[in-house]
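*Asks:* If you count the sequence shown from 1, position 102 lands on 100 in my numbering, and the numbers rise without skipping.
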Amino acid sequence: MTMPDMRNDKAVQTAALNLFVGCAPERRAELEAMVKDLQLEFQVHDDNHEDGKFIFDAGAYRYLRFNPRAMRLFWLGAYIAWEGYRAIQTQHSQPADLSRFKALLDTFEQILDADDTEGVAWPASVPEPGTYPGKEVDIEVRATAELATIAAGWGLLHEIRHARHQQEGTATNSDDHSPEEVRAEEVSCDAFATTFLTERIGDYATQLHVAEDKVWQKRQLGIYMGLFTIALVGKDNWQTTATHPALAERLAAAKAAFAGHRSAAAENAAELAFQALGAVWSGAPRF
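Put into structure tokens, the structure is as follows:
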């Protein structure tokens, strides 16, 4: 069955909003109002698009575009990060066993490049995107699924800020603005996404009677996994470019945004994930 080149039906709009609410339930009303006020339209495009194979952006003031390939990669990226952390964390005094980590990375690259993403064998140990196993079945697999959701939500919130820049007349482009100005917009979009997911964590913790520091830990690690996935998509393009800050700078900015709420546990997991990546891909950014 051939999929249409683009979908923007009600089911797509509902799924996108549910993704955001899954990341920050305490901000449902604000999310709904923001989508309405900006007149945002979420669009699912074909995996083989004229603009490239990885579609995940904002344009024409209100369109948020992504394709199934991009969403599968954000999901898989979180599991790769977790496997990297697990492999390094359990190595003790022996060399880390990165065989599974390498296999997952290979699958990631195949999906990123394939004309037919469905033809790439999905790792048996990773649930299909959008599948949340019961905590009683495998709590680590379930936790990573939730972190993958935060990672993708953070990425889409970044794109929403681009759309708002366009509506405000503050958007930049490589033709009319300096590289510094273009990179500054990227920094502002990262900051918006990070702040939106964290500034009302206290409300969430109070409403659900959970430890606030644990919520901070989870949201931070989800954001770090979003940046980890960006590092995978942009393999070998981790330094400052004409359009984007260096990946290491984006990680540092996220840490700074967390300020006094920085989670040592989240940072340890992210550090070991990037350490594993550096062991396999020379020159990968360090956390």
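For glycine and all other residues, C-beta sits at the position ideal for the given N, C-alpha and C.
1) Assign H43 to buried or exposed, taking buried as 16 or more other Cβ atoms, counted over all protein chains shown, within 10 Å of its Cβ.
2) Determine the burial state of P243: buried for a count of at least 16 other Cβ atoms within 10 Å of its Cβ, exposed for fewer.
3) Between the beta-carbon of G132 and the beta-carbon of F54, is there less than 9 Å?
4) Using CA atoms only, rank isn't needed, just tell me which of D174, Y83, A85, L145 is closest to T241.
5) Within the same chain, show all residues whose beta-carbon is closer than 8 Å to that of G281, passing over the 5 residues directly before and after it, in chain order.
6) Quick check: G151 and G57, are their CB atoms within less than 9 Å of each other?
7) Within 10 Å of its beta-carbon, does S176 have 16 or more other beta-carbons around it, so buried, or fewer, so exposed?
8) Which word fits E134, buried or exposed, when buried means at least 16 other C-beta atoms lie within 10 angstroms of its C-beta?
9) If you run the structure through DSSP and keep just helix, strand and coil, what is D3?
10) If we ignore side chains and look at the alpha-carbon of each, how far apart do R140 and H47 end up?
11) Check E210 in the structure and name its three-state DSSP category.
12) With distances taken Cα to Cα, identify the nearest neighbour of Y59 among S123, A161, E39.
13) Here's a check: name, in chain order, each residue in its chain whose Cβ is nearer than 7 Å to the Cβ of Q349, leaving out the five neighbours to either side.
14) Taking the continuous beta strand (DSSP E) assigned at R63, which residues delimit it?
15) Using the C-alpha atoms, what's the distance from H207 back to G50?
16) At which residues does the alpha helix (DSSP H) containing V278 begin and terminate?
17) My output table needs one value for E156: the three-state DSSP class, helix, strand or coil.
18) Per DSSP, what are the beta-bridge partners of D55 in this structure?
19) If you follow the alpha helix (DSSP H) that V42 is part of, which residue opens it and which one closes it?
*Replies:* Per the coordinate set shown:
1) buried
2) buried
3) no
4) D174
5) D234, W236
6) no
7) exposed
8) exposed
9) coil
10) 32 Å
11) helix
12) A161
13) A query on residue 349 cannot be resolved here, the shown segment of the chain reaching from -1 to 285 and no further.
14) 61 to 64
15) 45 Å
16) 262 to 278
17) Looking at the sequence provided, one finds His at residue 156 rather than Glu. Of the three classes helix, strand and coil, the one that applies to H156 here is helix, per DSSP.
18) R63
19) Counting along the chain, V42 falls outside any alpha helix (DSSP H), though it belongs to the beta strand (DSSP E) covering 39 to 43.
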